[in-house]
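Trainee:
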């Protein structure tokens, strides 16, 4: 039986998360990897039900990496990383923008303030959505930032085709079972000539899964971040 907490987290999902990986890394097989990909919704939700509060403690409201200038404060570097993406995408006031895999809303709030665009975030995790809505209200941005519960592999079930001027994803689509399929969904909801900006989470092309140490490294990253499978930079391109 699944037990839900008052904040939307489901106990059984958290408890089941570790079962997606073999205890012995050497025993983790293609069958296990395929199972994680096939059950990506359960995998990712189980991870974030358990990890979100820890992420907020360590990272704030934006769960992603960034570059730092020497001596730069963490929160400034995180915000600059988000502002840079918005600037490169040339987001402007009045534009309709989709945040794919919006987490607890940190990037959406920063980009909304920075660009003046209207941001819609889509996220399939109830716990994170409730926190995102709370933070948005606290920031006074309810009229500019909204959130939808849904699977980003099925964007056209929630949004009309050609309905967004721009779409961005910040280290979120690595949780998708297929980059090709999620990118195709993004293309459908973009207006003709629209812009897709993405920070993708991937292995370098030097990574070779036939080398045991390489395979183990990718497994550790995936296990520690709720990722169905690690993929290379060339595959993202």
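In my numbering, the protein residues as written are 57 to 293. Just so it is clear, CB atoms sit at the ideal spot from N, CA and C, and this is done for glycine as well.
First and last residue of the beta strand (DSSP E) that includes residue 174?
Mentor: Residues 174–179.
Trainee: In the DSSP assignment, find the unbroken alpha helix (DSSP H) run with residue 88 in it and report its ends.
Mentor: Run containing residue 88: 86–94, per the alpha helix (DSSP H) assignment.
Trainee: Going by Cα to Cα distance, which pick from 147, 192 and 180 is closest to residue 170?
Mentor: Selected option, being the one with the closest Cα: 147.
Trainee: Mind checking residue 231: buried by the 16 CB within 10 Å criterion, or exposed?
Mentor: With 16 or more Cβ atoms within 10 Å of its Cβ, residue 231 is classed as buried.
Trainee: Check residue 283 in the structure and name its three-state DSSP category.
Mentor: Coil.
Trainee: Tell me the rounded alpha-carbon separation between residue 111 and residue 247.
Mentor: Going by the C-alpha atoms only, they are around 34 Å apart.
Trainee: Suppose the cutoff is 6 Å on Cβ atoms and the five residues either side in sequence are ignored; what does the same chain contact list for residue 96 look like?
Mentor: Here the set comprises 233 and 284.
Trainee: Just to confirm the assignment, what range does the beta strand (DSSP E) spanning residue 253 have?
Mentor: Its beta strand (DSSP E) spans residues 246–255.
Trainee: Quick check on DSSP: helix, strand or coil for residue 59?
Mentor: Summary for residue 59: the model assigns pLDDT 49, below 50, so the residue's position carries little reliability; its value from the coordinates is reported in the next sentence. The answer is coil: DSSP assigns residue 59 none of H, G, I, E or B.
Trainee: In chain order, what residues of the same chain lie with their CB nearer than 8 Å to the CB of residue 94, ignoring the 5 residues before and after it?
Mentor: Result list for residue 94: 233, in chain order.
Trainee: Leaving aside the five residues before and after residue 200 along the sequence, list all residues of the same chain whose C-beta is less than 6 Å from its C-beta, in chain order.
Mentor: Here the set comprises 168 and 174.
Trainee: Which of helix, strand or coil does DSSP assign to residue 154?
Mentor: In this structure, residue 154 counts as strand in the three-state DSSP scheme.
Trainee: Residue 225 bridges to which residues according to DSSP?
Mentor: Residue 225 pairs with 254.
Trainee: Any idea which residues DSSP pairs residue 201 with across the strands?
Mentor: Partner(s): 175.
Trainee: For residue 113 versus residue 154, is the C-beta spacing smaller than 8 Å?
Mentor: Not a contact, by the Cβ cut-off of 8 Å.
Trainee: Based on the DSSP output, what are the partners of residue 70 in its beta bridges?
Mentor: In the DSSP output, where bridge partners are listed per residue, residue 70 has none listed.
Trainee: Between residue 223 and residue 191, is the Cβ-Cβ spacing less than 8 Å?
Mentor: Not closer than 8 Å, so no.
Trainee: Start and end of the alpha helix (DSSP H) containing residue 190?
Mentor: Unbroken alpha helix (DSSP H) run through residue 190: 182–194.
Trainee: Using a 10 Å radius around the Cβ and a threshold of 16 neighbouring Cβ atoms, would you call residue 163 buried or exposed?
Mentor: Buried, by the Cβ-count rule.
Trainee: Start and end of the alpha helix (DSSP H) containing residue 130?
Mentor: Note, residue 130: alpha helix (DSSP H), 130–144.
Trainee: Using the C-alpha atoms, what's the distance from residue 63 back to residue 186?
Mentor: Roughly 8 Å separates the two Cα atoms.
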